[in-house]
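Working notes for the structure below.
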Amino acid sequence: MKILHRYILVISLCSFSLSTALAQENQGIVVEEPLETRASDTLVDQNPTQKYGLRAGIDLSKILRTFLEDNYEGAAVVGDFRIKDRYYIAAEIGRETKSFDEAIFDAKIQGTYLKGGINYNAYNNWAGMSNLIYVGLHVGVSSFKTDLNQYTIYNPVTFFEPDVRTVSREYSGLNAIWGELQMGIQVEVLNNLYLGMNVQLKRMLSQKAPDDFTNLYAPGFNKITFDNVYGAGYGYSISYLLPIFKK
């Protein structure tokens, strides 16, 4: 039921963002007026300026997951800065805590992460609009620890009872580095206020794991599996643009 609620929320946000973008495009259509009327009107700037500045906000998906999932807590701040007409420097910093209560182990992972990279806006805006449909290449770095509370030793002989070991062991100083392809949208719903949504494809580059255990989860990367270096993620955000200059 929690997964269904999450999908409904993501679909609703995407539909709202697209409808807002279409509405803004319709508002950007200019109806040709007769030459006589045009000549008497006030002159219109034929070269409208574009806003450059810092856009900062929060990742709503992590806040919602904190309320919807019993074994997850997280928060993140996202932002970007426009450096050229279509290019943005983007960054994200956050923290996550993930608990695993499985049949063969009980563990808790907590830590922080930082992601940064370049986004390219492929969307051709109407005059005065600042929406984005972008693709970006990012690099992520995570630092975390794992608290192992209990584990079961595998025994193929089913005649004996399972060997369950209750421990209190902490593995600190763990880390992970990955590359990330991100695709998303940013829609200006009010003046300088944006709603965004993105999907992420990740590839693990390196990680430091415990000597006698394994990494189960890396904040910012998500779940780590034994035989797969790839991961995926998503996010939806609300952010505000602080214009610094126009050009």
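For reference, each letter of the sequence shown is one residue, going -23 to -1, 1 to 224 in mature numbering (1 follows the signal peptide of the UniProt record, and there is no 0). No residue lacks a Cβ here, since even glycine has one placed at the ideal position from N, Cα and C.
Spatial neighbours of residue i in its chain, beta-carbon cut-off 7 Å, leaving aside the 5 residues before and after
i    : result
R42  : Y49, G51
S214 : G34, I35, D36, L37, V55, G173
I40  : A52
D124 : A84, K85, E147
Per-residue DSSP class, three states only, for residue i
i           : result
F222        : strand
S38         : helix
T191        : coil
residue 263 : With the chain running from -23 to 224 in the structure shown, residue 263 is simply not present.
T43         : helix
Q27         : coil
residue 254 : The shown model of the chain, from -23 to 224, leaves out residue 254, and the question about it has no answer.
D204        : coil
G197        : coil
N101        : coil
N126        : strand
A186        : coil
N48         : coil
L20         : Interpretation of L20 is limited by its pLDDT of 43, a score under 50 that renders its predicted location unreliable; the figure taken from the coordinates is listed afterwards. L20 falls in the coil class under three-state DSSP.
I(-21)      : Because I(-21) carries a pLDDT of 45, less than 50, the predicted location of this residue cannot be relied on, and no value is offered for it.
Buried versus exposed, by CB contacts within 10 Å (16 or more), residue i
i    : result
F44  : exposed
A67  : buried
G150 : exposed
V206 : exposed
L37  : buried
Y61  : Note that residue 61 corresponds to Lys in the displayed sequence, not to Tyr. It counts as exposed.
A209 : exposed
D188 : exposed
Cut-off 8 Å between Cβ atoms - residues of its own chain near residue i, not counting five sequence neighbours on either side
i    : result
K223 : T26, Q27, K28, Y29
F203 : T191
Y64  : I95, N96, Y97, N98
Y217 : R32, A33, G34, N169, L170, Y171
S183 : A153, I154
S107 : Q27, K28, E165, L218
Beta-carbon proximity of residue i to residue j, cut-off 8 Å
i    : j    : result
V118 : Y90  : yes
F198 : K185 : no
E79  : P196 : no
Q163 : L109 : yes
A53  : L193 : no
L114 : L167 : no
G161 : Y111 : yes
F121 : G88  : yes
Check: residue i C-beta below 7 Å from any heavy atom of the ligand SAM
i   : result
G56 : As presented, the structure is devoid of all ligands, the ligand SAM included, so that no description of it is given.
Chain-order list of residues whose beta-carbon lies under 6 Å from that of residue i (same chain, five-residue window excluded)
i    : result
I70  : V54, L91
P220 : K28, G30
F58  : L31, I66
G212 : D36, S38, N175
Residue i at chain C interface by Cβ criterion, 8 Å
i    : result
Y213 : Of the chains in the structure shown, none is chain C; there is only one protein chain.
Beta strand (DSSP E) runs contained entirely in the segment 53 to 83, provided each spans 3 or more residues: Qualifying beta strand (DSSP E) stretches, in chain order: 64 to 78.
Secondary structure, beta strand (DSSP E): runs of 3+ residues fully inside the segment 136 to 184: Fully enclosed beta strand (DSSP E) runs of no fewer than 3 residues occupy 140 to 167 of the segment 136 to 184, in order along the chain.
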